[in-house]
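So for the sequence shown, the working numbering puts the first residue at 5; every next one is plus one.
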Amino acid sequence: MSIMNTATHNYHAAILCPPGLGHIIPFLELTKKLVSHKKITKLTIFVASIKNNSSKPQMATNIVQSLMKHDLFHIIHIIHLPPIDIPTNTNTGTKLAMLMRELIPHICHEISTMTSPKPTILITDLFGSLVMPIAEKFNMSKLVFFTSNAWNVALTLHTPTLDEVVEGEYTDQKECIQIPGCNPISPCDLFTPLLDRNDQLYHEYLQICEQIRKVDGIFVNTFHELEAKTIVALRSGNISKVTVYPIGPLIREAKKQSCEDENRDYVIDWLDKQEEESVIYVSLGSGYTMSHEQVKDMALGLELSGKKFVWSLTSPSTKAGDDHYLTAGENAKSNGVAISQASVSSFPDEFYKIQSKGLAVMDWAPQLEILKHSSTGGFLSHCGWNSILESVSCGVPIVAWPLFADQMMNAEIITKEIGIGVRLNVTQSTNVVGSEEIAKTICKIMDKEDIEGCAMRKRVKELKHIAEKAWSQDGPSFCEMTNAFVRISQTHGV
5 MSIMNTATHN YHAAILCPPG LGHIIPFLEL TKKLVSHKKI TKLTIFVASI
55 KNNSSKPQMA TNIVQSLMKH DLFHIIHIIH LPPIDIPTNT NTGTKLAMLM
105 RELIPHICHE ISTMTSPKPT ILITDLFGSL VMPIAEKFNM SKLVFFTSNA
155 WNVALTLHTP TLDEVVEGEY TDQKECIQIP GCNPISPCDL FTPLLDRNDQ
205 LYHEYLQICE QIRKVDGIFV NTFHELEAKT IVALRSGNIS KVTVYPIGPL
255 IREAKKQSCE DENRDYVIDW LDKQEEESVI YVSLGSGYTM SHEQVKDMAL
305 GLELSGKKFV WSLTSPSTKA GDDHYLTAGE NAKSNGVAIS QASVSSFPDE
355 FYKIQSKGLA VMDWAPQLEI LKHSSTGGFL SHCGWNSILE SVSCGVPIVA
405 WPLFADQMMN AEIITKEIGI GVRLNVTQST NVVGSEEIAK TICKIMDKED
455 IEGCAMRKRV KELKHIAEKA WSQDGPSFCE MTNAFVRISQ THGV
């Protein structure tokens with residue numbers, strides 16, 4: 005493949021970094037790639053936050069500390085936008101949409117007061133596409149970075165068409181939702197904004213979809229072998245004319261051990277004592293709070309499976325939910341602390357009974373280090389896309405317990421499309437899974453004598469090796485990013 009040298013072009017990119025670790029982590033990794041591969045000569049990062057949201061200080065610290073270690077840090081300028089006051093009595097998606105609209109005048113002011121060269125490219129995420137009028141005002145190229153999968157990109161680009169042709173609620177449809185060239189989507193698995201067409205979030209999402217249809221290109225955190233059929237469909241022109249660039253996997257690096265990593269060492273030291281691929285790692289995401297009933301069933305399921313475990317969780321609540329999505333991980337004072345060292349008064353009795361069989365970790369676990377460890381043989385996950393990519397990159401099969409947002413679609417990809425996991429049978433109204441179901445599914449992906457489980461383990465290890473090559477020099481993801489900037493220079497003369 006012949007690649008134009010883009011380093012000669014004067015690219016000043018502006019990135020709008022949204023709140024929420026599920027967005028921040030891949031955006032950080034995108035930033036590192038842009039800088040280290042010399043795709044840009046200057047980078048301005050706008051950091052967004054919600055007023056009275058405790059995530060702001062720590063989020064800013066995470067970004068600065070991560071980027072300051074880069075050799076090319078001098079080309080990066082970080083601007084913390086004023087925290088925006090957003091009503092608390094609304095869902096996460098609507099909060100993000102409201103936040104983005106309120107940020108428009110602040111971003112315009114910052115750009116207008118910059119000395120030359122001003123940004124020539126604007127990169128943001130799904131909800132951040134609501135600020136794209138800024139790019140038009142300042143004659144900037146427009147790129148959207150999807151931190152989720154290519155199937156979600158296809159759904160987003162096709163939603164305005166669905167809005168015109170589908171009558172009634174999508175969830176009431178008798179047939180699956182069709183997207184040209186892609187696998188159909190079960191109505192109950194649709195991305196959260198599509199579940200209620202009368203909700204404000206649906207109307208916000210529809211405007212987002214319209215904006216994304218007009219951008220110059222879409223980066224998506226996936227790679228061809230992971231979603232080959234969908235990527236081919238996106239490039240056929242039958243869904244949209246927008247060019248899509250698979251540039252994944254963009255995942256955080258495993259932290260190197262230091263004298264300050266005593267809690268992290270505690271977890272890894274425990275894993276060092278276990279047999280190869282004998283441990284199931286359990287985490288339903290840092291932004292989700294399990295209910296007492298869910299914790300009880302999980303504990304019983306782990307006991308029935310007979311497997312050793314590492315379980316990352318927070319104190320349960322009467323009602324499960326994703327209320328902490330935008331603040332997850334920001335104030336965790338017990339990073340990697342074993343459950344015996346933290347307050348556990350709110351846990352059900354079933355939880356205490358299994359402590360001798362594994363390790364429970366409060367608030368925050370070193371996930372990538374756990375998945376990379378040779379003792380880890382499976383991952384019971386909420387199927388956040390970052391977690392899936394980390395699991396694939398470590399060659400670990402998945403037990404899927406999707407909960408909200410795009411996680412149901414993610415679960416379908418890993419179970420039906422690429423065959424590296426099993427989806428739990430979940431009671432949709434309560435997000436509850438029976439303990440026997442949990443035990444049976446864990447054993448399926450981990451037991452050496454299970455034929456289907458063996459096939460999954462083999463396939464995920466194959467994908468691990470493919471993922472390792474994606475960002476090598478002239479690897480497919482490296483070339484995709486290069487091609488994106490070539491196309492921008494040709495169409496916009498940047």
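Every residue gets a Cβ at the ideal spot worked out from N, C-alpha and C, and that includes glycine. All values derive from a computational prediction rather than experimental measurement.
When the Cα atoms are used, L159 and L147 turn out to be separated by approximately 18 angstroms. Between E394 and I255, the C-beta gap is smaller than 8 angstroms, which places the two residues in contact.
P30 and L275 have their C-alpha atoms some 27 angstroms from each other.
DSSP, read as helix, strand or coil, puts Y285 in strand. The C-beta distance from S321 to S287 rounds to 17 angstroms, too long to meet the 8 angstroms contact threshold. The continuous beta strand (DSSP E) containing W315 extends over residues K312 to L317. By the beta-carbon neighbour count (other beta carbons within 10 angstroms, threshold 16), G289 is buried. Boundaries of the alpha helix (DSSP H) around S397: W389 to C398.
Contact between N390 and G26 is confirmed by a C-beta separation of about 6 angstroms, below the 8 angstroms threshold. In this structure, the CA atom of G185 is about 29 angstroms from the CA atom of D203.
Between A474 and G252, the C-beta gap is smaller than 8 angstroms, which places the two residues in contact. In the DSSP assignment, V157 falls outside any beta strand (DSSP E) and lies within the alpha helix (DSSP H) extending over A154 to V169.
When T163, L85 and D478 are compared, the shortest CA-CA separation from E214 is found for T163. Its Cα nearest to that of S145, the residue K122 stands out among L210, K122, I82 and D454.
Rounded to whole angstroms, the gap between the alpha carbons of K448 and C483 is 38 angstroms.
Secondary structure of Y174 (DSSP, three-state): helix. Boundaries of the alpha helix (DSSP H) harbouring T98: T96 to S116, taken from the DSSP string.
Comparing alpha carbon positions, the residue from N435, S481 and P406 closest to F195 is P406. In this chain, the alpha helix (DSSP H) harbouring M413 covers Q411 to E416.
By the C-beta density criterion, C192 is exposed, having fewer than 16 other C-beta atoms within 10 angstroms. It is roughly 7 angstroms from the alpha-carbon of Q411 to the alpha-carbon of H386. In the three-state reduction of the DSSP assignment, W405 falls in the coil class, being assigned neither a helical nor a strand state. As a beta-bridge residue in DSSP terms, L147 pairs with I127 and G221. Per DSSP, the continuous beta strand (DSSP E) segment holding G382 begins and ends at T380 to S385. Less than 8 angstroms divides the Cβ of I446 from the Cβ of K311. Non-local beta-carbon contacts of K465 in its own chain, meaning distances under 8 angstroms to residues more than five positions away in sequence, involve G399 in chain order.
The Cβ-Cβ distance between L166 and F150 does not fall below 8 angstroms.
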